[in-house]
């Protein structure tokens with residue numbers, strides 16, 4: 005344990021449970037439903053409303069070997085290729101073999117997927133997949149349908165939910181084992197202000213950290229809170245340098261910041277072409293799958309073409325779809341484009357890469373256990389080893405499903421007893437808070453120095469700028485009288501989390517001196533399997549700096565010494 009905590013008031017209220025699940029996307033709600041079904045007293049804590057996470061923004065679908073002629077082995081092969089040599093094969097095999105039945109259980113929960121005229125699940129294709137295996141709903145509203153079904157099931161099961169609550173830190177008992185979380189409820193429901201949920205099992209399902217960059221497909225709530233909490237609790241994170249930039253995000257103009265509209269890879273799966281300003285299909289000859297190459301390859305090709313031509317964006321041309329297909333298959337994307345004055349039925353859509361998905365996160369085993377006893381992680385906040393250096397399209401929802409079920413099974417089997425948190429939950433070594441206005445500075449620093457294109461110089465500059473923010477915050481906190489000290493609150497806590505996650509990401513990116521998957525080093529353009537087919541594991545050192553450790557092989561070390 006680091007003893008580091010966010011600066012916050014002591015909890016003014018507390019409730020007890022067997023399990024607290026933090027997050028309400030596909031991973032969190034699946035874990036919560038399974039835990040509750042096993043008879044465990046389960047509390048769901050979510051930062052906004054139950055359906056405000058990243059899951060409902062997922063357009064393309066969920067990948068699983070559900071179609072005739074497709075097999076888990078083929079799905080495994082495509083996943084390993086996309087992961088560029090860093091996938092944990094056992095984790096991938098678990099995903100692809102348990103995935104089809106997990107999707108069927110999701111359907112049993114109430115999710116309705118699009119079907120063919122014969123009543124079979126309709127399947128499409130996305131980048132990196134050699135066959136059609138992406139199940140979708142509402143054309144391009146898969147995440148929204150999954151979220152609707154799971155939220156409905158949670159309401160029907162009458163699970164205890166705490167909405168509009170930002171989780172602050174992990175609570176531990178005298179033995180260093182998980183004992184719950186502290187959290188701040190933003191003036192909603194029966195709880196208000198800082199409190200605690202005391203539970204021997206905590207499941208982090210907080211989603212991603214796309215808000216560390218200026219432009220992202222992630223919603224505003226994706227500020228890396230789960231990764232930051234885990235780091236302060238002494239947990240290990242891994243592969244944080246592998247941030248996937250989605251190739252086709254609607255270009256809204258130079259300098260556009262915040263959440264950007266996604267143009268699903270499924271549009272390319274149905275036959276759309278990437279073209280430059282002259283109408284040239286530049287992906288031909290770049291990869292055997294052309295526009296359907298893995299995302300890192302497409303994002304790099306778009307970025308290269310933009311640099312070569314001095315252009316701010318490329319185009320996605322699907323005019324040949326016609327109005328009927330756009331309206332029936334991609335109604336959400338069509339509406340988003342038209343709301344910004346672009347009609348994809350009659351004109352190519354301007355697109356550019358933007359931060360999309362964190363392939364790394366809190367390191368877990370195949371049961372979702374982290375290096376802190378009693379703390380679990382699943383979904384985008386976790387690093388199970390499934391994604392390697394680059395996530396295969398539409399594997400994310402499936403990973404959330406499969407590993408959430410595994411976590412619930414592990415907790416139900418272990419049934420650890422409730423213990424008391426050690427000491428004052430508000431005590432510890434307080435992390436200096438950043439002023440909310442530092443958020444923009446962090447995002448622009450990360451976009452310049454650790455975006456799609458990286459180099460030793462850009463990463464060194466980013467590291468120095470981030471450390472300067474950290475030093476300034478510490479200095480202000482120590483000033484006599486606290487004249488410059490930042491007042492604790494949601495905005496300050498979020499930006500403090502963003503800074504911690506950014507510092508760790510940059511530290512790992514500096515250490516990985518090669519180009520692999522979605523980590524693109526301009527100064528190190530080649531993949532180095534001999535020396536760099538390794539994972540980078542990071543934890544926070546006693547002096548609060550990121551301590552980076554390189555594994556000896558491509559396999560993860562166990563999360564428990566006895567494993």
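Numbering (the numbering used here), first residue to last: 5 to 567. Glycine included, each C-beta is placed from N, C-alpha and C at the ideal position. Please read all numbers here as calculations on a predicted model, not as lab measurements.
Beta-carbon proximity of residue i to residue j, cut-off 7 Å
i, j, result
"residue 133", "residue 82", "yes"
"residue 183", "residue 425", "yes"
"residue 60", "residue 147", "yes"
"residue 499", "residue 443", "yes"
"residue 237", "residue 174", "yes"
"residue 296", "residue 272", "yes"
"residue 239", "residue 376", "yes"
"residue 246", "residue 393", "yes"
"residue 378", "residue 202", "no"
"residue 446", "residue 502", "yes"
"residue 552", "residue 241", "no"
"residue 522", "residue 321", "no"
"residue 250", "residue 360", "yes"
"residue 367", "residue 458", "no"
"residue 137", "residue 69", "yes"
"residue 358", "residue 219", "yes"
"residue 35", "residue 408", "yes"
"residue 372", "residue 411", "yes"
"residue 290", "residue 276", "no"
"residue 244", "residue 364", "yes"
Burial state of residue i, where buried means 16 or more other Cβ atoms lie within 10 Å
i, result
"residue 206", "buried"
"residue 22", "buried"
"residue 17", "exposed"
"residue 316", "exposed"
"residue 559", "exposed"
"residue 478", "exposed"
"residue 232", "buried"
"residue 111", "exposed"
"residue 369", "buried"
"residue 527", "exposed"
"residue 284", "exposed"
"residue 288", "exposed"
"residue 381", "buried"
"residue 491", "exposed"
"residue 259", "exposed"
"residue 46", "buried"
"residue 529", "exposed"
"residue 538", "buried"
"residue 41", "exposed"
Other residues of its chain near residue i: CB distance less than 6 Å, five sequence neighbours each side excluded
i, result
"residue 158", "33"
"residue 453", "462, 463, 465, 466"
"residue 286", "280, 309"
"residue 326", "none"
"residue 390", "95, 96, 99, 403"
"residue 588", "This structure leaves residue 588 out entirely; the chain is present only between 5 and 567."
"residue 126", "118, 119, 120"
Neighbourhood of residue i by C-beta distance below 8 Å, restricted to the same chain and skipping five residues each side
i, result
"residue 406", "98, 99, 102, 103, 106"
"residue 487", "Confidence is the limiting factor: at residue 487 the pLDDT is only 48, short of 50, which leaves the residue's position unreliable, though a coordinate-based value still follows. Nothing meets the Cβ criterion."
"residue 514", "460, 463, 464, 467"
Candidates the options, of which the one nearest residue i by Cα
i, options, result
"residue 225", "495, 93, 315, 245", "495"
"residue 66", "402, 507, 493, 526", "402"
"residue 28", "523, 434, 359, 167", "167"
"residue 355", "363, 256, 339", "256"
"residue 562", "109, 445, 387", "387"
"residue 13", "199, 71, 131", "199"
"residue 535", "555, 550, 523", "555"
"residue 374", "11, 47, 208, 6", "208"
"residue 50", "472, 25, 247", "25"
"residue 196", "299, 456, 493", "493"
"residue 329", "290, 144, 460, 154", "144"
"residue 347", "540, 223, 254, 117", "254"
"residue 353", "410, 549, 266", "266"
"residue 423", "91, 15, 20, 11", "20"
"residue 160", "243, 113, 557, 74", "113"
"residue 150", "533, 122, 268, 108", "108"
Proximity test, residue i beta-carbon vs the ligand NAD heavy atom, cut-off 6 Å
i, result
"residue 372", "What this structure holds is no ligand at all, so the ligand NAD is not there to describe."
Own chain, CB closer than 7 Å to residue i, minus 5 neighbours either side, in chain order
i, result
"residue 505", "213, 216, 228, 231, 232"
"residue 62", "146, 147, 401"
- What are the start and end residues of each continuous alpha helix (DSSP H) run of 4 or more residues lying completely inside the segment 438-516, in chain order? The qualifying runs are 442-454, 460-482, 494-515.
- 4 or more residues per run - each alpha helix (DSSP H) lying fully within the segment 37-125: Runs found: 76-86, 93-113.
- At 4 residues or longer, and completely inside the segment 255-301: list those alpha helix (DSSP H) runs for me, N to C. If we require 4 residues or more, the alpha helix (DSSP H) runs fully inside the segment 255-301 come out as 269-273.
- Query: Which whole runs of the alpha helix (DSSP H) in the segment 324-410 are 4 residues long or more, in chain order?
  - Reply: Within the segment 324-410, the complete alpha helix (DSSP H) runs of at least 4 residues fall at 326-333, 335-343.
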